[in-house]
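Per my numbering, residue -15 is the first one in the sequence shown, and the count goes up by one each step.
This report refers to the structure that appears directly beneath it.
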Amino acid sequence: MRLAAFDMDGTLLSGRLVFALARGLGVEDKVKSIQDGSLPGHEKTKQIAALFAVVSKKEVESAVESIPLAKNCEQAIAALQAQGFKTGIISDSYTAAAGVVARRLNMDFVAANDLEFEGGVATGRVKMPMGWEKIGCKCHLSVCKRFHLEKYAAEFGIGIKDTVAVGDTRSDICMVRRAGTGIAFMPKDGDIARATPNVVRTPDMMQVVTCTLRRI
Ligand SMILES: [Zn+2]
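Below is the structure:
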């Protein structure tokens, strides 16, 4: 058995959930300035979640549904599943959104931040799974992707050599480096492109499958 872990925003989806949400609320500039700031990743996640305090769970779900999947995403995930891969999402977005995408793609696991809802409306608080503090990862993100890659591989009894991790930004580096096969898909920064020899610059998820199956 093998395992393939995908980042969500900019990888499975050809857009970013926080921007789709922020657009609806007119807080795009605020989100952008938090993201471009120098705070550790998990602090940024907290501040951004606070901006979404008025958003309903339904709005989060329809925001994610409004973002198109990457080209050939459904075929690519189905092709990996047919080859015996467990598939899932490891995202620093929200479980309310990642769950929608995972269900649509019949995936096996989701790790993401839990935006807290009360009566169907976001409170502005967020539960962050972290993980870097347990393994000494330097990412300091709200979701340490390496920690969760290792966690799900262990849960399914799959060796780390038999894992694939796919992402598009520097927040994916720790899992892309740790996986048996790390793939930078449509890299948005130089750091992720330099983190692995496997770089896909064609906006077609089937290229990720080709890249994966060539290496096993
Ligand atoms: Zn990490």
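The C-beta atom is built at its ideal place from N, Cα and C for all residues, glycine as well.
- Query: Rounded to the nearest angstrom, how far is the Cβ of G151 from that of D(-9), given a contact under 8 Å?
  - Reply: As a working note, residue 151 is residue 167 in the sequence shown. As a working note, residue -9 is residue 7 in the sequence shown. Indeed, because the Cβ distance is near 4 Å, the residues count as touching under 8 Å.
- Item | Continuous beta strand (DSSP E) stretch holding S17: start and end | Within the sequence shown, residue 17 is the residue found at index 33, counting from 1. Where S17 is concerned, there is no enclosing beta strand (DSSP E), although the alpha helix (DSSP H) it sits in stretches over 12 to 20.
- First and last residue of the uninterrupted beta strand (DSSP E) at A149: Along the sequence shown, one-based indexing puts residue 149 at 165. Element bounds for A149: 147 to 151.
- Item | Those residues which DSSP pairs with L53 across a bridge | For this step, residue 53 is matched to residue 69 along the sequence shown. Beta-bridge pairing links L53 to L(-3).
- Message: How far does the alpha helix (DSSP H) with D175 in it extend, from its first residue to its last?
- Response: As a first step, residue 175 must be located in the sequence shown, where it is residue number 191. Here the alpha helix (DSSP H) through D175 covers 174 to 178.
- Would you identify the three-state DSSP class for M170, choosing helix, strand or coil? Here the question's residue 170 lines up with position 186 in the sequence shown. Note: M170 maps to coil in three-state DSSP.
- Should D156 and I176 be called a contact, given that it needs their Cβ atoms to be closer than 8 Å? Counting from one through the sequence shown, the residue named residue 156 turns up at place 172. Counting from one through the sequence shown, the residue named residue 176 turns up at place 192. A contact, by the Cβ cut-off of 8 Å.
- Whole-angstrom C-beta distance between V192 and V184, which should lie under 8 Å: Translated into the one-based positions of the sequence shown, residue 184 becomes position 200. Translated into the one-based positions of the sequence shown, residue 192 becomes position 208. With a Cβ gap of about 6 Å, V184 and V192 count as contacting.
- Distance, Cα to Cα, V148 vs S46? For this step, residue 148 is matched to residue 164 along the sequence shown. For this step, residue 46 is matched to residue 62 along the sequence shown. Taking the straight line from one Cα to the other gives about 29 Å.
- Query: At which residues does the alpha helix (DSSP H) containing F131 begin and terminate?
  - Reply: Stepping through the sequence shown from its first residue, residue 131 is reached at position 147. Element bounds for F131: 129 to 140.
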